[in-house]
Structure formats: C-alpha cells, structure tokens
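Q: When you line the sequence shown up against the numbering used here, it's residues 72 to 158, in that order. Glycine is no exception: its CB is placed at the ideal position from the N, C-alpha and C atoms. It should be emphasised that the depicted structure is a prediction, and the values quoted were computed from it without experimental measurement.
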Amino acid sequence: MKIYTFRVIIEPDEKNTFHGYVPALPGCHTWGESLEKTKKNLKDAIQAYIESLKADREPIPEEQGLEFFESISEKELKPVKKSAAYV
C-alpha cells in the first residue's frame with residue numbers, strides 16, 4: 072500500500088480563521104475555524120485531490136519542497152538609513 076506524505080502550510084488569516092494549503096498540489100487550499108478543523112479539512116482536500124488525479128490517470132506529485140527556519144539576530148541587522156523622503 073502506497074502512503075503519500077505532503078508538506079502542508081497553515082497560517083492564521085485576517086478573519087481569525089486559518090488558511091491551509093499543500094505546495095506540492097497546486098490549488099489544494101482550504102480553511103477552518105481552528106487548527107484542528109483546518110488540519111482535518113486539509114486531509115479531506117488532499118484525499119479528494121489524489122482521488123481525482125487517479126480517476127484521470129494523472130501522476131501523483133511527489134513532495135519536492137524543503138522546509139527549514141533561518142534565524143537572524145538583531146545584532147546581525149544593519150541600521151537602515153533614512154532617506155530625505157522619510158524625514
């Protein structure tokens with residue numbers, strides 16, 4: 072049995088709800104009123120997306136993305152010079 076694993080992104084939005092999407096599956100977006108609901112909706116959306124691809128005999132995309140966090144300290148930041156337009 073093949074298991075599909077995809078990276079998902081969930082972000083809060085301006086309506087105090089959450090937007091979720093799957094970068095490897097273009098157009099696979101959903102939302103929810105909580106993180107848990109958004110995660111469930113994403114799983115449902117991924118399932119429907121893959122079922123549609125299989126029904127159309129289209130290839131199932133493989134996750135190609137890499138994800139990591141990069142940290143920068145305040146000490147590393149250079150001061151911003153104000154131009155005359157901002158004075």
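According to DSSP, simplified to helix, strand and coil, what is Tyr75?
A: coil
Q: Could you have a look at Ala122 and say whether DSSP puts it in helix, strand or coil?
A: The question names Ala, but residue 122 in the sequence shown is Glu. Correct three-state label for Glu122: helix.
Q: Please state if the CB of Tyr92 and the CB of Ile131 are separated by a distance shorter than 8 angstroms.
A: no
Q: Let me confirm a value: Phe140 is counted as buried when at least 16 other C-beta atoms fall within 10 Å, else exposed. Which label applies?
A: exposed
Q: With a CB to CB cut of under 8 angstroms and the five nearest residues on each side skipped, what residues in its chain are close to Glu133?
A: Ala95
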